[in-house]
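I have placed the structure first, in the form of structure tokens, so that the comments after it can refer back to it.
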Amino acid sequence: MIKTVLRTFAAITVLVIVILALMIFLPSHGEIKTVRITRQMSLHQISEKLTQKELLRSPFLFIIITRISGHERNLKAGLYEIPVKGSPYQVFQKLVSGKTAVVRITIPEGWSSREIAQLMERKDLCSRENFLTVVAQKSLEGFLFPNTYFIPSEFSPESITQIFVKEFHNIWRPEWNERAKQMRFTQKEILTLASIIERETNLDEEKPIISSVYHHRLRRGMRLEADPTVLYAVQSWHKPVTSRLLHTVSPYNTYLHRGLPPGPICNPGAKSIMAALYPAKTNYLFFVADGNGAHIFSRSLAEHNSARNMVKTRKERSI
Numbered sequence: 014m015i016k017t018v019l020r021t022f023a024a025i026t027v028l029v030i031v032i033l034a035l036m037i038f039l040p041s042h043g044e045i046k047t048v049r050i051t052r053q054m055s056l057h058q059i060s061e062k063l064t065q066k067e068l069l070r071s072p073f074l075f076i077i078i079t080r081i082s083g084h085e086r087n088l089k090a091g092l093y094e095i096p097v098k099g100s101p102y103q104v105f106q107k108l109v110s111g112k113t114a115v116v117r118i119t120i121p122e123g124w125s126s127r128e129i130a131q132l133m134e135r136k137d138l139c140s141r142e143n144f145l146t147v148v149a150q151k152s153l154e155g156f157l158f159p160n161t162y163f164i165p166s167e168f169s170p171e172s173i174t175q176i177f178v179k180e181f182h183n184i185w186r187p188e189w190n191e192r193a194k195q196m197r198f199t200q201k202e203i204l205t206l207a208s209i210i211e212r213e214t215n216l217d218e219e220k221p222i223i224s225s226v227y228h229h230r231l232r233r234g235m236r237l238e239a240d241p242t243v244l245y246a247v248q249s250w251h252k253p254v255t256s257r258l259l260h261t262v263s264p265y266n267t268y269l270h271r272g273l274p275p276g277p278i279c280n281p282g283a284k285s286i287m288a289a290l291y292p293a294k295t296n297y298l299f300f301v302a303d304g305n306g307a308h309i310f311s312r313s314l315a316e317h318n319s320a321r322n323m324v325k326t327r328k329e330r331s332i
């Protein structure tokens, strides 16, 4: 009888040990989720956050393992990729190792710093506000070069912007400095013009032509009257450009102010920068969207008004 009880007890003990071992050590291969751990979080707060995201098989065992190992204060901050229902030991090892995620992001040509900041927040790299603070402090609008990047999740907003700016300097050719100097433009002024060109058209073949229009208007002392500058001023690319909107009080409004705006309105790609530096040889002073993604260019106001009326009539007929 006693032997039977002992054998049963031993079997139960072994079973419990096996179950605990599986719970603690058996790794999960489920769906991968991301979770950000901050320096301010306590062990219990970390456990709660992991549990809320269904990343811990046993929060209790995770806390026990961390405390017994003496690593309670050694869990590294950062963004981690962890499988759903991860084993306590698997998650513990991840947080102690500090092997944080590398986040892939793509900045499209023509995005403003506000749009990039929203992307940073969506990717859980940093807050929108912190990113924009760095951009404003260092006047980086226009220098955040559009490309695909792989960002270590522990990077600060300062470090992230440095990556984008470094890429800008990598693509900026030495001969462009001399070209800008010949044109009596600074690098920032070229970027400002390039940013307007970038927002005006998606067609690479049109960019040098649009550039020529703006160069002609600048030389003649005409206002640029570029819609994207007004939309940048009101912080929305998608608002209808109404007569009221064109009277928005802002130094960026090129309907109210002559010359270039104070700085870039977006972050242009290389082709828009080249277009600003090497405009096409034309006599155009005006252009209007044709409704199909391209533009109609005109040499005089009369031609321009005729083109506008033609586009308007075409739109009315299609309704």
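Letter by letter, the sequence shown follows residues 14 to 332 of my numbering. Every residue, glycine too, gets a C-beta built ideally from N, C-alpha and C.
Looking at residue i: is its Cβ nearer than 8 angstroms to the Cβ of residue j?
i, j, result
"His84", "Val104", "no"
"Gln131", "Arg141", "yes"
"Arg271", "Arg236", "yes"
"Pro281", "Ala207", "yes"
"Gly276", "Gly155", "yes"
"Val148", "Glu171", "no"
"Ala289", "Ile184", "no"
"Phe177", "Leu145", "no"
"Tyr265", "Ile286", "no"
"Leu258", "Lys252", "yes"
Could you pull out every residue in the same chain whose Cβ sits closer than 6 angstroms to the Cβ of residue i, ignoring the five residues on either side in sequence?
i, result
"Ser263", "Ala246"
"Arg52", "Ala90"
"Ala320", "Val301, Ile309, Ser311"
"Asp240", "Val254"
"Glu329", "none"
On a Cα-Cα basis, can you pick out the residue from the options that is closest to residue i?
i, options, result
"Ala307", "Asn296, Val48, Ser331, Asp217", "Asp217"
"Gly111", "Arg49, His57, Glu67", "Arg49"
"Gly234", "Ala283, Leu273, Asn215, Pro241", "Leu273"
"Leu231", "Arg257, Arg330, Thr214, Ile203", "Ile203"
"Ile59", "Glu44, Pro101, Ile81", "Pro101"
"Thr119", "Pro170, Phe163, Pro187, Glu191", "Phe163"
"Thr295", "Thr79, Glu211, Glu219", "Glu219"
"Glu180", "Met133, Thr161, Ile78", "Thr161"
"Glu134", "Ile173, Lys62, Ala193", "Ile173"
"Gln175", "Leu153, Asn190, Glu191", "Leu153"
"Glu213", "Leu56, Phe299, Gln106", "Phe299"
Under 8 angstroms Cβ to Cβ from residue i, same chain only, skipping five residues before and after it: list those, please.
i, result
"Asp137", "Thr47, Arg49, Leu92, Val116, Ser166"
"Lys297", "Note on residue identity: the sequence assigns Tyr, not Lys, to residue 297. If we look at Tyr297 and ignore the five residues flanking it on each side, its Cβ neighbours are Ile222, Ser225, Val226, His229, Phe310, Ser311, Arg312."
"Val113", "A small fix is needed here, since residue 113 is Thr in this sequence, not Val. Excluding sequence neighbours, Thr113 sits near Lys89, Gly91, Leu92, Tyr93, Pro165, Ser166, Glu167."
"Val324", "Val301, Ala302, Asp303, Gly304, Ile309"
"Ser41", "Any reading at Ser41 must be qualified, since the residue scores a pLDDT of 47, below 50, and its modelled position is unreliable; no value is offered."
"Ile210", "Lys220, Ile223, Ser224, Tyr227, Pro281, Ser285, Ala288, Ala289"
"Asn318", "none"
State the start and end residues of the unbroken beta strand (DSSP E) segment that holds residue i.
i, result
"Pro264", "Per DSSP, Pro264 belongs to no beta strand (DSSP E) and is neither H nor E."
"His57", "Taken as a continuous stretch (DSSP letters only), His57 belongs to no beta strand (DSSP E), being part of the alpha helix (DSSP H) at 56-65."
"His251", "Per DSSP, His251 belongs to no beta strand (DSSP E) and is neither H nor E."
"Ser311", "308-311"
"Ile223", "Segment 220-233 is the alpha helix (DSSP H) holding Ile223; no beta strand (DSSP E) there."
"Glu44", "No beta strand (DSSP E) holds Glu44; DSSP gives it neither H nor E."
"Glu329", "From DSSP, Glu329 is part of no beta strand (DSSP E) but of the alpha helix (DSSP H) over 314-331."
"Leu258", "Careful: Leu258 lies outside any beta strand (DSSP E) and carries neither H nor E."
Is residue i a contact residue of the ligand SAM, with contact defined as CB to any heavy atom under 7 angstroms?
i, result
"Pro72", "In terms of ligand content, the structure shown is empty, and the ligand SAM therefore cannot be addressed."
Identify, in the order they occur along the chain, each residue of the same chain with its Cβ nearer than 7 angstroms to the Cβ of residue i, setting aside the five sequence neighbours on each side.
i, result
"Thr267", "Arg236, Leu237, Glu238, Ala239, Thr242, Pro274"
"Asn87", "Val109"
"Asn322", "none"
"Thr333", "Coverage of the chain is limited to positions 14 through 332, which leaves residue 333 absent and any answer about it impossible."
"Leu39", "Summary for Leu39: the model assigns pLDDT 44, below 50, so the residue's position carries little reliability; its value from the coordinates is reported in the next sentence. Excluding sequence neighbours, Leu39 sits near Ser100."
"Thr261", "Val243, Ala246, Val247"
What residue range does the alpha helix (DSSP H) around residue i cover?
i, result
"Ala114", "Neither: Ala114 is in no alpha helix (DSSP H) and is coded neither H nor E."
"Ile77", "72-82"
"Leu290", "283-290"
Segments assigned beta strand (DSSP E), at least 3 residues, entirely inside the segment 128-211
Entirely contained in the segment 128-211, the beta strand (DSSP E) runs reaching 3 residues are, in chain order, 161-165.
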